[in-house]
Structure formats: C-alpha cells, structure tokens
Amino acid sequence: MNFVTILFYFFEAVAALAALSLVLVRNVFYGALILVVCLLSLAAIYVLAFAEFVAVTQILIYAGGILVVIIFGVMLTAKIAGKPLVVKHTNVWGGTLACVALFTLLLYFLSSQKFFEDGKDKMQAADTAINTIGFGLMTEFVLPFEVAGILLLAALIGAAVIASSIKSRNV
Amino acid sequence: MPETQTHYTTFFEVCLLLVVLLPLVSFVVSGRIPQRYSWVVTFTAPLFLLISAIGAIYIFTAVWHHQPYIARVNWFTIGGTLVSAGVYLNDIAALMLLVVTFISFLVHLYSTGYMAGDAGLTRYFAMLGFFTFSMLGIVLADSLLLMFVFWELVGFSSYMLIGHWTEKDEAAAAAKKAFLLNRIGDAGFLVGLMLIWAYTGTFDIVQLSDINEVFSWQTAASLCLFAGVIGKSAQFPLLTWLPDAMEGPTPVSALIHAATMVAAGVFLLARVYFLFTPAALDVIAGIGILTALMAALSALVQFDIKKILAYSTISQLGLMVAAIGAGAPAAAILHLFTHAFFKAGLFLGAGIIIHVLHQAQQQAHEHFNVQDIRNLGGLRKKLPFTFCAFVICGCALAGIPFFSGFLSKDAILTAITHWKGDGFSWKWIVLASAFIVSFLTVIYTFRMIWTVFMGEEKRTASLPVVEPPVIMRGPVAILAVCSVWLLVDINPVNFEGWLFNTLHADGNFHIGIISIVSALWVILAVSVAYFMFRSKTIHDDLLLNNFYLDKLYFKIVENPSWRLAVFTDYFDRRWIDGFIHASAYAQVTVSHLVGWFDRAIVDGTVNGIASLSRGVGNFTRSFQGGKIQSYILWAILAIIIFLIWILF
Amino acid sequence: MVPVYHFLWLGAFLFCAGLMVIITKRNAIMVLLGIELMLNASNLNLVAFNQLHPAHLSGQMFALFVIIVAVCEAAVGLAIVLRVYQHYQTSVPDEVTDLKD
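Chains as they are written, first to last, in the numbering used here: chain B, 11 to 181; chain H, 806 to 1453; chain S, 301 to 401.
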C-alpha cells in the first residue's frame, strides 16, 4: 500500500461519493458542481492509470467546456431568477430496482470473468504514451480524427442554429 | 240473321242509344247540379225522360212484330272464352222498354210536384235516372251475366230510393231489409248462372234458346234463376220486404215497387222461359199462386193505404208468376203490361191523397197518420178528380169488365185452365186459388176505395184539402186512361188483342166461358164486398202481419243467426283473440329473451372484445405515454431480463 | 500497483449512478448530466482495458474519441434543451408529449 495506491482509492471514493450524491441531489446547479467534482477525480484516476493525455483532455473539455455550457443551460432554463432550480424525482422505485439489479449483474459479471492473465492485472506504465498517441492520430487513426473534426464542426453549427433565438423559424 | 240488320237503320240505333243513355245522362246531370240550383233538376230530368220515352215509342213500333234486333260487342275474354255484351231486343223487351220509359217519365213528372222542396231532390232524381238506366239494361241485355249486373244495379238503386229519407229509421231499416232479402235471391241467381255456364258454356240468351236438348241439372239451374225472381218480385219466402219498402217516397213505390222493378222478375221468367223444365214450372206455378193467395188475404186487413197496394202488388205478381208456371208467358206479360199502368195509377193516386193531406195538415197544424185508412173517409167530395182516377184504376185492379185488368186476368185464368190438359190434376187447386184471389182482389180494392172516399169524413173533415197541381194530376189521368180495355183490344171481352197475339203464336186460345164466369164472379164479389164493408172493417192480426212471416223469419233465421253471432263473437273474443293474445304475449316474451340475449351475449361478446382490446390498448399505450425516462427504465429492465436469460 | 478490476468496479458504479440519474430526475439538464456520467464510466473502462495491450494505446485513443462525441452530444443536447424550453416553457422531459398518440 504505497502513496499512489492511497491516492487512487481516495479519488475512487471521491468519484463514487460524487456520483451517489448526484443521484440524490435535487438542485440542478449543485448537480453540475458535483459532476465537476466527479469528473476531476476521474481525471486524477486517469493519471494514476497512466493515461495522462486522456486526463488532460478530460479536464480541458469537461471541466472547462461542457460544465460551463451546462451551467449556462441551468441559468437559461431557470424559471424564476434567483430561486434555486429544484428537481423532482420520478420512477424512483423502478429506477432503483433497475440500477441495483444492473450493478449486481455487472459486479457478478466482472467477478466471474477473468479478463487479464495473472501478473498482468495491475496497471502498467506505458513508455512514450503521448508520442504514441500523436503518431497514432496522424497515422493509424487519421481518418477518425478528421471525421471527429467534421463532427465537432457540424455539432457546433447545429447547436448554434438550434439554440438561436430567431422565433420566426419556430423550429 | 242478315235480314235483321238490314231492317234496322242507323237512326234506329241512335234512337236506342238515346233511350238507354238519356236516363244515365239524367243521373249524371242531376248528381252534378249543386244543391242551390236543385230546381233545375225538376226541368232537366223529366225532359230527358220525355225524349227517352218518345224514342222508346219509335223503337217499339220498329221492333214490334218484326225480327229481334241483336247487336253485341266483345266484353272481356276469360281464359279462352269470349264473353260478349250486347242488346237483344225482341217483342217482350220492346214492350218492357216502352213501359219502363213511359212510366218512368210519368213518375218523373209527378215527382216534380210530389218531391218539391225536398232536401235531397237532386239525389232523388239522380237515383231515379240511374234506376231507369239499370232497368233498361235488364230489359235489353242479351246475356244473363250482363242482365245480372243490371239486376244488382237495380237492387242498389231500389235500396237508395227506399232509404231516401235517411232521417227515418223505418226507411233505413226497410232499405236494409229489401237489400238483404234481394241478396238471398240473387245468390240463387248467381248459382243458376254458374250451373248454366257449366253445362252450356254460354250466357247468351239467343244461343241458349237454340239449345234444344235438356241438359242435366237444368231443373236446378232454372229453379236457381227463379230464386232471383223470388227475391226481386217478392214471391213466397222472400215477400216481406215489399210492404216495408213502402217507407220510400210514393212515386218510387209506383215506379219501382209496382210497375217495373218487381216486374223484372216476371220479365226474366218470360225471357228465359225456354230454360224451364216442366218440373220447374210446376214449382213456379205453386209458389206463384201461394204468394198470390197469401198476399191477397193480407191485403184484406191492412190499414195503411200503401201497404194495401203493396200486398196487392205481391198478389198480382204471384198471379203473373203462376201464369208463367202454367206455361203462358204471354198471359203473364199481358198482365204485367196492364198492371204496370193501373197499379202505378193507384200508387200515384194514393200519393196524391198523402201529399194533399200532408199539406193540409201543415196548414191546419193537425197531425195524424194520413196513410191509415181508418183516419180517412168521404174524400170524394174534396178530391173528385183523384176519386175518379182511383176508381178507374181500382176497377182495373179488381178486374171489372171494360177495364184492362179484366182482360189480362182473364188471360191468366184461361192459361191455367189450358194447363196440363183437361184431366184431373192439382191444376184445379191452382185454378180455384186463382179464382179466390180474384175474388179477394175485388174485396180489398172495394174496401180501400170505399173506406177512403165514401161514407162520412172522419179526421179530414176540418182540413182544407184541395186538389194537387196539374203536374201531379196529369200522370194520374194518363194512367187512368190507360187502364181501360182499349189498351188491350177494341173488344172489351176478348183479351186476344194486338199484344197477346203477337206474343202467343198459337191461335184459338180464348175460352168464352171463362170470361163470363169471371165477370159473374167479380159482380158477386162486388156485391159481397158492398154488404160486408159498407159499415164495418175486419180486423185480423194473423193477416195484418202477413201470417207472421216476419216473426217466423225472426224466430228461425234471425234469432238463431243472432245467437250464432253472439256465440261466434264469444268464440272470437274468448278463443281466437285469446289465442292471438297468447301468441302475441309469447312472441313478446320471446322477443324480450332474444333482445336480452342479443344485448347481453351477442353485444356483450362484441363489447367485451372491444373493451378487452381497448384495455390491452390502454395498457400497452401506458408504456408509451411520451415519458422518455419510462422508456429508458423499461428498456433497462428488458436488458436486465435479457442478460439474466443469457447468462444463466 | 492498483488492480485493473478496481477501475472496472468504479466504472460499473458510475454507470449505474448515471443511469439512475437519467431515469429518476425530472429535468432535462440533469438527464444530460447523467449521460455525461455514463460516458465517463465507459471512458474509465476503455482506459482500464487499455491495459490489455499497453503498448498499443488503442483504449486511450477510443477514450479520446468518446470525449469528442460527448462534447458534440452535450452541445447539441443543451441547444435542444434550450429550444424546448423556449417552445414549451418547461425543461421537464415528461411534459413534452407532442408525439404521444
């Protein structure tokens, strides 16, 4: 049990608690902040899993981009300004049943299957990971990379068009 | 018969058409004229009949003693058989044509005075015209079927005219009675027609007269025809309607119930005389003489002047029928001819008495039954003209020599004497009865005239009685003139004049001794009557009620049929209605059951299926309530189930 | 070193939590948050399974692409939520039922 392991379990506990509180919380704004906590701890876990590039991307995109967009969305959909946007729950029992059952199933599945050979079931560091990713994006994954760029462009334009307030179009 | 058609010109045919159709025109015109202008009818109707009578005189002169006139058109085809309708105008028919139109004209003329001011004047004249037309139809018809049609029409117009004064219950009842009793006879007529058709295949009188051999059932067929005559001419079993029919207006009684319609029966017998077998003729003679005797006895004691005349008519008709039965249609027709005039004269004379006394009563505000001869008497001073005419016609009825009735009655007595040879048979009973009838005729005629015109005035003493207008006296005068012997022959004691010799081809018919006996017999009767009735009247309930025939009919026919009707009514009500009601209830119950089954089971099944599918639809629809999160939940649950199924 | 299975357990938990959020919250933005959470759970799995071929790094590459797709989804989804809110004056997904039968 070294320091890295302790960090890992700490962040793992933070992420799990944040997810749990996201389930329980009723205020949308609090929910967004809790999600930020969860995503940041996930980014830390990525670092511990030797995926630095993914972790940085996670922080940049989620914490910097998506969460800002979401918080703007919360503000724009609040009916009465200044009053916290309280959310009601629905399908509580059905949802609980489904999720607990699914979680049980997944745990049973994970414990009954053996994905990794003995000795390889621990996180290993990969050398020159960022180099490899850079080369990969420009060689092997160049087509998905370009497509992803077009997708982002389309999503950007689409989001702008959909959210534009020209009422005459009336969707 | 080629020479038949060449003899008759187009003018003749036009005249015949006029004679027949003018009464019909009178009927239509009288029926169409509105009530306000009813006085117009009193001019048009006699005018039409005058033209008709003049035409009839021409036709009579043209046809008499010539070949019969025959014309026919196809009437209808039934099966493969053609039934024709047409005119068969022989001597008898021509004579009847003349009598009918002439007397009808006189009665029309007389009625304009008698019925003046009557509310139903147009209806009266319309029906008179219709009757005359129908009667001419009977006279001219060349087939028995056509004759039957007009026979019924005559019965109908008689019904209408008897019941002319619809406000009188007696008149309505009498009309109904006449109609029903006539129907009984007509049923027999119809059966006779069927029998004749069945055995000869024709209704045509000319064709029937050409059939020489006797067909089976001919006696029955001819007797069935005679049943029609019994009804129409008021012979023995069905004679009670005629006295009751006197409820109608007096001119109607004169025309229909004395001169023409009741004589139609005799006319029919004479027309189809060749059909009758000897056996049938025996029956006819028996019934005729029985009727004559009964009616003469009844006439003796009647108090109603019109009923005396009615029974007298029945009696005379009985004599005619007996003459036919005795094989002398010529004698019967001769008597019919003379009887038509003097009996019409008597009726119209009685009508004058009734009319003037009614008017006098209205002026004096006194009311009693003017038709009851017990209330009358001594009218010869106040009504000298009527008295004269009445006496002349009465003498003709009684058979006094030098009057027409003497001659025609002589002919009948002679015919009966000639009947069945000289041997002993029951013809002597008939002959004796005929003599008794003629004796009784004298007595009741004398009684009537004496009681009404002679002696002291009774209740009429205070009444301002005056003679009627000339329009009523004229017809009576003409009829009185026609009642003398000159009508028959210039010889006052020999009936074999122009008429009889034409109708009866065999010569040497007349027996002088009969005339002498008859004359003496009549004189005896007059003297007996004079001594009998000068001061008193006889009263006999049996005869007054015509041997209680009506009561008998009531007992044996009406009562049982009433009981039968009550029983059938009960049966109808209790059983048939009950059955119908029960079946109706059963049906309703079944309907309710079926309705319940329909609603509960059939509809229930359909509705159940519908609501089941609706429930299923609602249930499945609830999964798609537009709630995305529910969709996701169900999808996840499905995945879980799928996973469990896959993994375990 | 940390066992790979612990990553997988966390991923399973996060996935179930995100699903719970999606199913139970009556707010479109919260649903979007749940979707982000589930995407991150799958990302975590991808990163963990990268350990099967550590030198190849295809798991991390997939995680990057998933992040990109998540960005697109979030942007378009939020735009739709705003639009729906303008149109229906509500952000509750159950109340948008125009396509109900």
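Ideal Cβ placement from N, Cα and C applies to all residues, glycine included. Note that the structure is predicted; figures quoted are calculated from it, not measured.
If we count the other Cβ atoms within 10 Å of its Cβ and call it buried at 16 or more, is F1020 (chain H) buried or exposed?
-> exposed
Who pairs with F935 (chain H) in a beta bridge, going by DSSP?
-> BP columns for F935 (chain H) are empty, so no partner.
Using a Cβ-Cβ cut-off of 6 Å (strictly less than) and excluding sequence neighbours within five positions of T1024 (chain H), which residues of its own chain qualify?
-> T1082, A1084, A1085
Report buried or exposed for K130 (chain B), applying the criterion of at least 16 other Cβ atoms within 10 angstroms of its Cβ.
-> Counting Cβ neighbours within 10 Å, K130 (chain B) comes out exposed, since fewer than 16 surround it.
Does I1441 (chain H) have its Cβ less than 8 Å from a Cβ in chain S?
-> Closer than 8 Å to some Cβ of chain S, the Cβ of I1441 (chain H) qualifies, so yes.
Check the Cβ-Cβ distances between E395 (chain S) and every residue of chain B, and say whether any is below 8 Å.
-> no
Please classify G891 (chain H): does DSSP put it in a helix, a strand, or coil?
-> strand
Kindly give me the distance between the Cβ atoms of F1147 (chain H) and L1184 (chain H), rounded to whole angstroms, as I take these residues to be in contact under 8 Å.
-> With 8 Å as the limit, F1147 (chain H) and L1184 (chain H) do not qualify as a contact, their Cβ atoms being about 19 Å apart.
Is it right to say S1040 (chain H) is buried, meaning 16 or more other beta carbons lie within 10 angstroms of its own, or is it exposed?
-> Sequence check: residue 1040 (chain H) is Gln here, not Ser. Buried is the call here.
Contacting residues, own chain, Cβ-Cβ under 8 Å from L1442 (chain H) (five flanking each side not counted) = none
Neighbourhood of W1224 (chain H) by C-beta, 7 Å cutoff - its chain only, sequence neighbours within 5 removed | A1131, G1132, K1232
Comparing alpha-carbon positions, which option in H:A1115, H:F953, H:A1026 lies nearest G1070 (chain H)?
-> H:F953
Can you say whether M1125 (chain H) is buried or exposed, counting buried as having 16 or more other CB atoms within 10 angstroms of its CB?
-> buried
In the structure shown, what three-state DSSP assignment does P839 (chain H) receive?
-> coil
Which value, in whole angstroms, describes the spacing of the CA atoms of L974 (chain H) and T1246 (chain H)?
-> According to the sequence as given, residue 974 (chain H) is Asp; it is not Leu. So the alpha carbons of these two residues sit roughly 32 Å apart.
Nearest-angstrom Cβ-Cβ length linking M1253 (chain H) and I1089 (chain H), presumed shorter than 8 Å = Contact doesn't hold; Cβ gap of about 29 Å is too wide.
Going along chain B in order, which residues have a C-beta closer than 8 Å to the C-beta of S391 (chain S)?
-> T87
Should the region 1054-1065 of chain H be called in touch with the region 1004-1023 of chain H, which here means at least 3 C-beta pairs below 8 Å?
-> no
For G1420 (chain H), count neighbouring C-beta atoms within 10 Å of its own C-beta (all shown protein chains included) and say buried if the count is 16 or more, exposed if not.
-> exposed
Taking Cβ positions, are A1145 (chain H) and I908 (chain H) nearer each other than 8 Å?
-> yes
Between which two residues does the beta strand (DSSP E) harbouring R877 (chain H) extend?
-> 874-883 is the extent of the beta strand (DSSP E) around R877 (chain H).
Is the region 820-836 of chain H touching the region 929-940 of chain H, taking contact as three or more C-beta pairs under 8 Å?
-> yes
Is the Cβ-Cβ distance between A341 (chain S) and G318 (chain S) less than 8 Å?
-> yes
Can you name the start and end residues of the alpha helix (DSSP H) that R988 (chain H) belongs to?
-> 974-1005
Does the beta carbon of T106 (chain B) come closer than 8 Å to any beta carbon on chain H?
-> no
V830 (chain H) and F853 (chain H) look like a contact to me (Cβ under 8 Å); what is the Cβ gap, rounded to whole Å?
-> 6 Å
DSSP beta-bridge partners for D1009 (chain H)?
-> Under DSSP, D1009 (chain H) forms a beta bridge with H:S948.
Going straight from the alpha carbon of L949 (chain H) to that of L998 (chain H), what length do you get?
-> 7 Å
Anything in chain S within Cβ reach of L1438 (chain H), meaning under 7 Å, just list it in chain order.
-> I323
Could you tell me whether any Cβ in chain H is nearer than 8 Å to the Cβ of A111 (chain B)?
-> yes
Burial state of Y1116 (chain H) (16 or more Cβ within 10 Å) | buried
Are the region 318-329 of chain S and the region 146-164 of chain B touching by the rule of at least three beta carbon pairs closer than 8 Å?
-> no
Min CB distance S1435 (chain H) to chain B below 8 Å | Chain B places a beta carbon closer than 8 Å to that of S1435 (chain H), counting this residue as a contact.
Contact under 8 Å by Cβ, N987 (chain H) with G1006 (chain H) = no
Are A1137 (chain H) and A1075 (chain H) close, meaning C-beta to C-beta below 8 Å?
-> yes
Use the C-beta contact count for T1256 (chain H): other C-beta atoms within 10 angstroms, 16 or more gives buried, fewer gives exposed.
-> Answer is buried; the Cβ neighbour count reaches 16.
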